[in-house]
Amino acid sequence: MVYMYLCRRKPKQMRYMWIIFMLLPILALAYLAWHLWCLLPLAAVWKAVIIALGVGSFLLMFLSVARKFDSLPLGLASACYDIGTSSIFVMLYMFMMFLLLDIGRLVRLVPKAWLYDNWVTTGVLGVLLVGIFVYGNIHYNNKVREELTLTTDKPLQKELKMVMISDMHIGYHNRRSELARWVDLLNAEHADMILVAGDIIDGSMRPLMEERMAEEFRRLNAPVYACLGNHEYYAGDRDAEQFYRDAGIHLLRDSVAMVNGIAIIGRDDRTNVGRKSVKELAVGGAYTILLDHQPYHLERTEAAGVDFQFSGHTHYGQVWPISWITDAIYECAFGAYQRGNTRYYVSSGLGIWGGKFRIGTRSEYVVVTLRNEK
83 MVYMYLCRRK PKQMRYMWII FMLLPILALA YLAWHLWCLL PLAAVWKAVI IALGVGSFLL
143 MFLSVARKFD SLPLGLASAC YDIGTSSIFV MLYMFMMFLL LDIGRLVRLV PKAWLYDNWV
203 TTGVLGVLLV GIFVYGNIHY NNKVREELTL TTDKPLQKEL KMVMISDMHI GYHNRRSELA
263 RWVDLLNAEH ADMILVAGDI IDGSMRPLME ERMAEEFRRL NAPVYACLGN HEYYAGDRDA
323 EQFYRDAGIH LLRDSVAMVN GIAIIGRDDR TNVGRKSVKE LAVGGAYTIL LDHQPYHLER
383 TEAAGVDFQF SGHTHYGQVW PISWITDAIY ECAFGAYQRG NTRYYVSSGL GIWGGKFRIG
443 TRSEYVVVTL RNEK
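First residue of the sequence shown: 83, per my numbering; consecutive thereafter.
What follows is the structure, encoded as structure tokens:
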């Protein structure tokens, strides 16, 4: 999301903003390191070890994004990915806690002694962090079943039941065993079709191939139609296309499929600047569903006469308060929405990128019933 925003700036502005963007985590790490050094009632050598472990964990996140783990044994690569991508969320909440304590000091509600060589404060903050992230992990694993009913006066061959999902992000952290549970969950719906709004793949093809995850998709008891997301481009869109074929997924890349009398449009991800417009892809007459991974420019879908758009990408920030940022960026960052005669649903995703935590958001799949108006 930050990358997309920066790309819309002028070159000179972008240079300065990239400098600021790179400085922020360094400043945040320095702020946390200083507070930990002051707070922990330990010998200097142990303080240094703890801070070094924190910095090292944070650096693992950048190595995971750069796909530096592909040569490691799969179990070790998964552990490095989980530690690195979880650290950013842990550090975010530590930052907020110390910031609140600092504000408390400024308004003379928090004594200075609470922040210096204090076992009680250390213990309280530690228990809070563990509690928050244990809850976040449990909440992530609780997949919410969202029901949605759509009606139309356009002709339908029959009433349709569709399961719609986005952002599975299978890879180092969402391994085959977890994918198998999701397949069982979707099969239990006995849907007419399954629609996926991109980001099936997290970033590296290696764990998908090594664990033969395509076999799990072939267990699905309904046809699957999907569009690409930005993470398929990170993995390599050609490799992603081959995986889709192996998995029996009907990839719609700036193309339309007529299924049970309705038109399903799969739009290429906006990473491809040359992708077709919604207007070019729109189909007249039939009820039309658009799969478009990133929910930008919803007014164009409305203008093209599309009946329903399903998107993902936002994850609704994954954890609070990042959800406030997604609300500021997108016209609709999560849930059901309507513009004129066009309805939308932006999903927070079945899976997740990085650390498996949901705080103030949820993991979900959407069960849609499409029927004629009575």
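From the three backbone atoms N, C-alpha and C, an ideal C-beta is built for every residue, glycine too.
Next on the checklist: Taking the straight line between their C-alpha atoms, what separation do you get for Gly280 and Asp184?
Outcome noted: Mapped onto the sequence shown, residue 280 falls at position 198. Mapped onto the sequence shown, residue 184 falls at position 102. When rounded, the distance between both Cα atoms is 42 Å.
Item to check | Ordered list of beta strand (DSSP E) runs contained in the stretch 298-354, each at least 3 residues | outcome: 306-309, 331-333, 337-341, 344-348
Item to check | Same chain only: Cβ atoms within 8 Å of Leu232, ignoring 5 sequence neighbours per side | outcome: Here residue 232 refers to the residue found at position 150 of the sequence shown. Taken in chain order, the residues that qualify are Asp389, Phe390, Arg425, Val450, Thr451, Leu452, Arg453.
Checklist entry - When the Cα atoms are used, what is the spatial distance from Lys240 to Asn342? => result Translated into positions along the sequence shown, residue 240 becomes position 158. Translated into positions along the sequence shown, residue 342 becomes position 260. One C-alpha to the other measures close to 8 Å.
Checklist entry - What first and last residue would you give for the alpha helix (DSSP H) that runs through Ser430? => result The sequence position of residue 430 within the sequence shown is 348, counting from 1. Run containing Ser430: none; DSSP gives neither H nor E here.
Next on the checklist: Between the alpha carbons of Ser153 and Glu298, how many angstroms are there, rounded?
Outcome noted: If you number the sequence shown from 1, residue 153 lands on position 71. If you number the sequence shown from 1, residue 298 lands on position 216. Rounded to whole angstroms, Ser153 to Glu298 spans 24 Å at the Cα level.
Next on the checklist: For the beta strand (DSSP E) containing Ser445, name the first residue and the last one.
Outcome noted: By one-based count along the sequence shown, residue 445 stands at place 363. Residues 445-454.
Item to check | Glu229 versus Ala112 - alpha carbon distance | outcome: In the sequence shown, the residue the question calls residue 229 occupies position 147. In the sequence shown, the residue the question calls residue 112 occupies position 30. One C-alpha to the other measures close to 46 Å.
Next on the checklist: I need the DSSP call for Arg90, collapsed to helix, strand or coil.
Outcome noted: Here residue 90 refers to the residue found at position 8 when the sequence shown is read from its first residue. Confidence at Arg90 is low in this model, with a pLDDT of 42, below 50, so its placement is unreliable and no value can be given for it.
Next on the checklist: Check for me: the beta strand (DSSP E) holding Ala279 runs from which residue to which?
Outcome noted: Locating residue 279 in the sequence shown gives position 197, counting from the first residue. Its beta strand (DSSP E) spans residues 275-279.
Checklist entry - Near Ala329, which residues of its chain fall below 6 Å by C-beta distance, leaving aside the five closest residues on each side in sequence? => result The residue given as residue 329 occupies position 247 in the sequence shown. Result list for Ala329: Ala296, Phe299, in chain order.
Item to check | First and last residue of the uninterrupted beta strand (DSSP E) at Lys225 | outcome: Indexing the sequence shown from 1 puts residue 225 at position 143. From DSSP, the beta strand (DSSP E) with Lys225 extends over 225-234.
Checklist entry - Whose C-beta lies closer than 6 Å to the C-beta of Met86 among residues of the same chain, with five residues either side of it excluded? => result Looking up residue 86 in the sequence shown gives position 4. Model confidence at Met86 stands at a pLDDT of 42, short of 50, so the residue's coordinates are unreliable; what they give is reported in the following sentence. Around Met86: no qualifying Cβ.
Next on the checklist: Using the three-state DSSP reduction, which class does Met244 fall into: helix, strand or coil?
Outcome noted: Taking the sequence shown and counting its residues from 1, one reaches residue 244 at position 162. Strand, per DSSP.
Checklist entry - Are at least three pairs of beta-carbons, each pair with one atom in the stretch 355-370 and one in the stretch 316-324, less than 8 Å apart? => result no
Item to check | Residue nearest to Ser429 in terms of C-alpha spacing, selected from Met250, Leu268, Ser259 | outcome: Position 347 of the sequence shown holds residue 429. Comparing Cα-Cα distances from Ser429 to each of Met250, Leu268, Ser259, the minimum goes to Met250.
Checklist entry - Using DSSP with H/G/I as helix, E/B as strand and the rest coil, what is Tyr419? => result Here residue 419 refers to the residue found at position 337 when the sequence shown is read from its first residue. The answer is strand: DSSP assigns Tyr419 an E or B state.
Checklist entry - Leaving out five residues before and five after Val137 in sequence, what residues of the same chain have Cβ atoms less than 8 Å from its Cβ? => result Here residue 137 refers to the residue found at position 55 of the sequence shown. Taken in chain order, the residues that qualify are Leu111, Ala115.
Item to check | CB of Arg349 within 8 Å of CB of Leu333, strictly | outcome: Taking the first residue of the sequence shown as 1, we reach residue 349 at position 267. Taking the first residue of the sequence shown as 1, we reach residue 333 at position 251. Contact flag unset, no.
Next on the checklist: Can you list, in chain order, the residues of its chain with a C-beta nearer than 6 Å to that of Asp199? Leave out the 5 residues immediately preceding and following it.
Outcome noted: Taking the first residue of the sequence shown as 1, we reach residue 199 at position 117. Cβ within range, chain order: Pro123.
Checklist entry - To which residues does DSSP link Ser393 through a beta bridge? => result In the sequence shown, counting from the first residue as 1, residue 393 sits at position 311. Note: Ser393 sits in a beta bridge opposite Val428.
Checklist entry - Within the present structure, is the beta-carbon of Asn454 separated from the nearest heavy atom of the ligand GDP by less than 7 Å? => result In terms of ligand content, the structure shown is empty, and the ligand GDP therefore cannot be addressed.
Next on the checklist: Once the 5 residues before and after Leu188 are set aside, which same chain residues still bring their CB inside 6 Å of it?
Outcome noted: One-based indexing of the sequence shown puts residue 188 at position 106. Nothing listed; no residue qualifies.
Item to check | Among Ile133, Ala418, His395, Arg294, nearest to Ile411 - alpha-carbon criterion | outcome: Here residue 411 is taken as the residue at index 329 of the sequence shown, counted from 1. It is His395 whose Cα lies nearest to the Cα of Ile411.
Item to check | Beta-carbon separation (whole angstroms), Gly285 vs Val401, contact threshold 8 Å | outcome: As a working note, residue 285 is residue 203 in the sequence shown. As a working note, residue 401 is residue 319 in the sequence shown. About 20 Å; that fails the 8 Å criterion.
Checklist entry - Can we say the stretch 429-441 touches the stretch 167-178, given the rule of at least three CB pairs closer than 8 Å? => result yes
Next on the checklist: Among the candidates Ile407, Phe144, Trp119, Lys456, whose CA atom is the shortest distance from the CA of Ile133?
Outcome noted: Within the sequence shown, residue 133 is the residue found at index 51, counting from 1. Answer by Cα proximity: Trp119.
Checklist entry - Can you tell me whether Gln420 is buried or exposed, with buried defined as 16 or more other CB within 10 angstroms of its CB? => result Your numbering for residue 420 matches position 338 in the sequence shown. The residue in question, Gln420, is exposed, as its Cβ has fewer than 16 Cβ neighbours within 10 Å.
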